[in-house]
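Written out below as structure tokens is the structure these notes cover.
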Amino acid sequence: MSSGYDRVVQPAAGDEALENHLGGDEAKNYRQYELDMVAPHVGRSMLEIGSGLGHFAEQFLPRLDRLVVSDFDPYCVEQLRKRFAGRDDIDVLQFGLPTEIPLEDKVDTVVMMNVLEHIEDDAGALRSLAKVTLPGGRIIIWVPGYMQLYGDFDRKVGHVQRYTPKTLRSTVAKAGLDIDVLKPINFLGGIAWWAAVRRGGVGYPDPRLVKIYDRTVVPATRLIERFITPPFGQTVFCVARVPQ
1 MSSGYDRVVQ PAAGDEALEN HLGGDEAKNY RQYELDMVAP HVGRSMLEIG SGLGHFAEQF
61 LPRLDRLVVS DFDPYCVEQL RKRFAGRDDI DVLQFGLPTE IPLEDKVDTV VMMNVLEHIE
121 DDAGALRSLA KVTLPGGRII IWVPGYMQLY GDFDRKVGHV QRYTPKTLRS TVAKAGLDID
181 VLKPINFLGG IAWWAAVRRG GVGYPDPRLV KIYDRTVVPA TRLIERFITP PFGQTVFCVA
241 RVPQ
């Protein structure tokens with residue numbers, strides 16, 4: 001059986017890429033939330049898995065000596081090559097996980113936003129990434145949380161599963177990695193998602209609701225999470241570390 005990522009096609013406007021484009025320009029607060037969560041753990045060289053059109057990775061360029069963007073979908077890879085043409089410090093790769101990644105010089109940071117949940121052999125995928133990460137380097141994992149929130153949207157975008165901290169810990173350990181950070185985040189977003197998508201039977205989030213959510217729920221969530229680690233969330237966030 002092929003891995004979930006092997007069979008995922010991620011054209012920029014297709015169903016498989018919806019989760020990384022939710023709300024588009026309307027979700028500015030959420031995009032900033034993602035960046036602020038990930039940025040403190042990024043070093044000087046970064047490989048992003050599932051880069052899409054490159055919007056997220058591009059934000060890290062001022063702090064990086066080297067960037068490698070990648071995707072499985074040919075359309076995205078073509079767009080990435082156009083976007084970063086003429087940049088000697090940026091490489092563009094095409095591959096699906098798990099695989100031998102064609103990267104000669106290892107990086108100190110790997111970032112995967114909403115990718116691991118597509119892959120049946122998730123531990124194998126992480127082992128592939130560990131091989132191209134320097135000892136002591138980090139693999140940053142952002143995945144949808146909790147099977148109680150699994151619904152039509154997850155099926156539409158090709159999710160094999162949603163994670164809990166416990167199931168993600170097991171996968172990371174199976175891959176032979178250590179853990180620096182592991183926690184559920186976006187507590188209020190999880191409740192809103194359950195109400196709209198699971199309880200409300202919505203197959204795809206309404207852009208108008210996304211706009212309201214971004215202006216109200218995201219700032220409230222960030223305030224709450226400054227003081228407490230929630231017991232549950234729409235997302236599980238992990239910073240895994242390759243052993244020295």
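In the UniProt record's numbering, the protein residues as written are 1 to 244.
For every residue, glycine included, the Cβ atom is placed at its ideal position computed from N, Cα and C.
Exercise. Please state whether DSSP places S45 in a helix, a strand or coil.
Key: Strand, per DSSP.
Per-residue burial, G50 [other beta carbons within 10 Å of its own, 16 or more giving buried]: Classification of G50: buried, given that the 10 Å Cβ count is 16 or more.
Checking the sheet assignment: what are the DSSP bridge partners for T133?
In DSSP, T133 forms a bridge with V107.
* Per DSSP, which residues does V239 bridge with? Please list them. => I140 and V181, per the DSSP bridge assignment.
Which stretch, first to last residue, makes up the alpha helix (DSSP H) that contains I90?
Premise fails: I90 lies in the beta strand (DSSP E), I90 to Q94, not in any alpha helix (DSSP H).
Would you tell me roughly how many angstroms separate the C-alpha atoms of I119 and I212, rounded to the nearest one? So the two alpha carbons sit approximately 32 Å from each other.
V218 to F237 span [Cα, whole Å]:
Rounded to the nearest whole angstrom, the C-alpha separation of V218 and F237 is 16 Å.
Alpha carbon to alpha carbon, what distance is there between M147 and R162? Taking the straight line joining both Cα atoms gives about 5 Å.
I need the boundaries of the beta strand (DSSP E) containing R66, first residue and last residue. DSSP places R66 in the uninterrupted beta strand (DSSP E) bounded by R66 to D71.
| task | With DSSP as the reference, label G23 as helix, strand or coil. | result | Per-residue confidence for G23 stands at a pLDDT of 43, beneath the threshold of 50, marking its modelled position as unreliable; the derived number appears in the next sentence. Coil.
Review point. Three-state secondary structure (DSSP) at Y146?
Key: Here Y146 carries a coil assignment [DSSP, helix/strand/coil].
Notebook entry, point to check: Are there 16 or more other CB atoms within 10 angstroms of the CB of L67, so buried, or fewer, so exposed?
Noted result: Buried, by the Cβ-count rule.
*Hey, how far is the Cα of L35 from the Cα of P243?*
Rounded to whole angstroms, L35 to P243 spans 25 Å at the Cα level.
**Message:** Is any non-hydrogen atom of the ligand FAD found closer than 7 Å to the C-beta of G136, if you look at the structure I gave you?
**Reply:** Only the bare structure without any ligand can be found here, which leaves the ligand FAD out of the picture.
*Nearest residue (CA-CA) to Y30, options R222, P231, R226 and A240*: Per the Cα distances, R222.
Using the Cα positions of Y75 and D180, report the straight-line distance between them to the nearest angstrom.
-> Rounded to whole angstroms, Y75 to D180 spans 35 Å at the Cα level.
Let me make sure I understand the geometry here. Which of T167, G233, L53 and K106 has the alpha-carbon closest to that of G137? Nearest to G137 by alpha-carbon distance, out of T167, G233, L53 and K106, is K106.
- Message: Our contact map puts P184 next to G233 with C-beta atoms below 8 Å; I'd like the distance itself, whole angstroms only.
- Response: In this structure P184 touches G233 by the C-beta definition: roughly 3 Å separates them, less than 8 Å.
Own chain partners of R241 with C-beta closer than 6 Å, once the 5 adjacent residues on each side are dropped
Around R241: R138, D178 and D180.
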